[in-house]
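Working notes for the structure below.
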Amino acid sequence: MSKYTIAWMPGDGVGNDVMRATRIVLDKLGLDAEYVHADIGWEFWIKEGNPLPERTIEILKKTDCALFGAITSKPREEAAEELDPALRDKGLTYFSPIVRLRQLFNLHTNLRPCEAFKGNPLNRLGDDIDLVVFRENTEGMYGGIEWFPLPEKIATAMADPEVGLPDRMQRWFDKGLENVALSTRVVSRQGCESICRQSFEYAKKFGRKSVTLVEKPNVLRETGGLMTRVFREVAKDYPGVEAWEANIDAICMWMLKNPQDYDVLVAENMFGDIVSDLCAGLVGGLGFAPAANIGDEYAVFEPTHGSAPKYDGKDVVNPIAMLLTAKMMLDWLGEADMADRLHSAISAVIEAGEVRTYDMAQVRAGSAGAASTTEMAKAVAARL
Ligand code: IPM
Ligand code: MG
Numbered sequence: 005m006s007k008y009t010i011a012w013m014p015g016d017g018v019g020n021d022v023m024r025a026t027r028i029v030l031d032k033l034g035l036d037a038e039y040v041h042a043d044i045g046w047e048f049w050i051k052e053g054n055p056l057p058e059r060t061i062e063i064l065k066k067t068d069c070a071l072f073g074a075i076t077s078k079p080r081e082e083a084a085e086e087l088d089p090a091l092r093d094k095g096l097t098y099f100s101p102i103v104r105l106r107q108l109f110n111l112h113t114n115l116r117p118c119e120a121f122k123g124n125p126l127n128r129l130g131d132d133i134d135l136v137v138f139r140e141n142t143e144g145m146y147g148g149i150e151w152f153p154l155p156e157k158i159a160t161a162m163a164d165p166e167v168g169l170p171d172r173m174q175r176w177f178d179k180g181l182e183n184v185a186l187s188t189r190v191v192s193r194q195g196c197e198s199i200c201r202q203s204f205e206y207a208k209k210f211g212r213k214s215v216t217l218v219e220k221p222n223v224l225r226e227t228g229g230l231m232t233r234v235f236r237e238v239a240k241d242y243p244g245v246e247a248w249e250a251n252i253d254a255i256c257m258w259m260l261k262n263p264q265d266y267d268v269l270v271a272e273n274m275f276g277d278i279v280s281d282l283c284a285g286l287v288g289g290l291g292f293a294p295a296a297n298i299g300d301e302y303a304v305f306e307p308t309h310g311s312a313p314k315y316d317g318k319d320v321v322n323p324i325a326m327l328l329t330a331k332m333m334l335d336w337l338g339e340a341d342m343a344d345r346l347h348s349a350i351s352a353v354i355e356a357g358e359v360r361t362y363d364m365a366q367v368r369a370g371s372a373g374a375a376s377t378t379e380m381a382k383a384v385a386a387r388l
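Listed below in C-alpha cells is the structure:
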C-alpha cells in the first residue's frame, strides 16, 4: 500500500495541462502516493447538472488530501445556458465547486505565498518580494447568504425597530423589493481569531517581520470592526511581530509602490481574494501563485489561477504555480525534504533562465520562442 492516497482533480481547462506536468515532477521526487482521479468542474455541470458530483465528495473523504488544477466559474445565467437541454427546467443552479468544497470540508484557511524568484524576467518590481497571504476561506461574502429579489420577510425583519435599521431600510422599500438584491458579509469571532492567529504563528515560526491586516473597518463597521479588534487582541500575544493595519483600497496602491515593505498579510475572504491576485501580480503573475485550502483534517491544494479556457490542452501555460502548489502539499504532508528539493529545483530553473514558458519569455503563447508546459516540468524534474 502507498504511504499517501491523494485525490487527483485536474478540473477544467489548463488544470489538466498543469496537473500532467506536476505528475512528472512528483514521480521524479518518488512520492509514495496513490492518485485517485475525481471528477469536478464545468464538464460535470453541463453533463450532470452538478460540478461537484457526490462520488467526488466520497473520494475526498477517503483520501489524505487533494490536488486540484483549475476551475471554470461563470455567473448563474451563463451557466444555465450551457446546461444539457435534457436537464433544464429541473431547478438546477450552478455553484462554484471550490467554494462548496471549502465549506463542506471546513477548509478555513487559504494560504497563498507570493515569492519573487531571482531571475524571473517578470519581476518588474524587484527580486526581493516575499509575501504570504492568509485568507479566511469559509465566511464573509462567500457564505452564500444572499437573495434576489429581497424577500419581504427579510426586509421587514431588517426594518423592525427592535433589531434593525428602519431609516436605512426605507429607501429599498421605496425602490420595490423586487428590484433589490442582497449579499451578506457574515463573520464570526472564531473565524477572525483563527485566521489572525495562524498568520501570527506563521510570522513567528518563520521569523517574519510584520503581519498586516487588510480590512475596511471605517466603512464595514461591524464585520471589519470585529476583525480589527480580534487582530489587535491576537497581536498582543506576539510581541516580536509588528502588527500593521491597512484598508483594502489603500494597500492596493501602497503594495504597487512599496511591495518590499510587506510581509505576511491577513484578510477576510473577499479582501483576501482581491489582495492575493494583487500579490501574484507583483511576482510575475498567476503563473507563480500557489495556494492551499487548509482545514483541521483535510486540505485541497489548488493554484490561484483559473482554467484559462483558450489555452486548454495546448500545453503552453506556465506550470510553476501548480508545481509550487504541489510543494505546499508536500509540506503539509510532512515531506519537508521533498518540498525543499522541489522549491530549490524550481528556483534553479527560473534563475538559469534557459527554459521559459511564453509568459516568462514574453512572447505569444504557442510560439517557437517559448517552452511548453511539459518542457518546464521536465526542466524542473531534471534539477531534482
Ligand atoms: C480564488 C478564485 C475563486 C474565489 C473563484 C474561482 C470562486 O478566484 O480561488 O481566488 O473567488 O475564491
Ligand atoms: Mg481569486
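The working numbering puts the first residue of the sequence shown at 5, with every later residue one more than the last.
No residue lacks a Cβ here, since even glycine has one placed at the ideal position from N, Cα and C.
What residue range is occupied by the uninterrupted beta strand (DSSP E) comprising residue i?
i	result
residue 400	No answer is possible for residue 400: the residues shown for the chain start at 5 and end at 388.
residue 14	8-15
residue 75	Residue 75 -> no beta strand (DSSP E), and no H or E assigned at all.
residue 212	Taken as a continuous stretch (DSSP letters only), residue 212 belongs to no beta strand (DSSP E), as it is neither H nor E.
residue 269	268-271
residue 305	303-305
residue 139	134-140
residue 249	246-251
residue 40	37-41
Roughly how many angstroms lie between the CA atoms of residue i and residue j, to the nearest whole one?
i	j	result
residue 43	residue 264	40 Å
residue 154	residue 184	6 Å
residue 310	residue 72	11 Å
residue 369	residue 74	19 Å
residue 123	residue 354	6 Å
residue 275	residue 339	31 Å
residue 76	residue 284	19 Å
residue 28	residue 97	37 Å
residue 99	residue 375	35 Å
residue 119	residue 292	8 Å
residue 289	residue 282	9 Å
residue 134	residue 268	9 Å
residue 316	residue 21	7 Å
residue 52	residue 92	11 Å
residue 262	residue 229	26 Å
residue 279	residue 307	15 Å
residue 200	residue 235	6 Å
Ligand 2 and residue i: does any heavy atom of the ligand fall closer than 7 Å to the residue's C-beta?
i	result
residue 113	no
residue 277	yes
residue 329	no
residue 281	yes
residue 76	no
residue 308	yes
Name the two residues that bound the continuous alpha helix (DSSP H) containing residue i.
i	result
residue 341	340-356
residue 60	58-65
residue 22	19-33
residue 296	Careful: residue 296 lies outside any alpha helix (DSSP H), inside the beta strand (DSSP E) at 296-298.
residue 335	324-337
For ligand 1, any of its heavy atoms closer than 7 Å to the Cβ of residue i?
i	result
residue 184	no
residue 103	yes
residue 100	yes
Pop quiz: residue i and residue j are said to be a contact at Cβ under 8 Å. What is the actual Cβ separation, rounded to whole angstroms?
i	j	result
residue 342	residue 33	5 Å
residue 191	residue 143	5 Å
Taking 8 Å as the cut-off, does the stretch 325-345 touch the stretch 87-98 (at least 3 CB pairs, one atom from each stretch)? no
Mind the definition here: the stretch 185-193 touches the stretch 99-114 only if three or more C-beta pairs lie below 8 Å; say whether that holds. no
If you pair each beta-carbon of the stretch 167-180 with each one of the stretch 328-338, do three or more pairs fall below 8 Å? no
Please confirm if the stretch 292-306 is in contact with the stretch 152-171, defined as three or more CB-CB distances below 8 Å between the two stretches. no
Quick test of the definition: if touching needs 3 or more C-beta pairs under 8 Å, does the stretch 234-245 touch the stretch 213-223? Touching, yes, given that three or more Cβ pairs across the two stretches are closer than 8 Å.
Do the stretch 12-19 and the stretch 42-57 touch if we need at least three Cβ pairs shorter than 8 Å? yes
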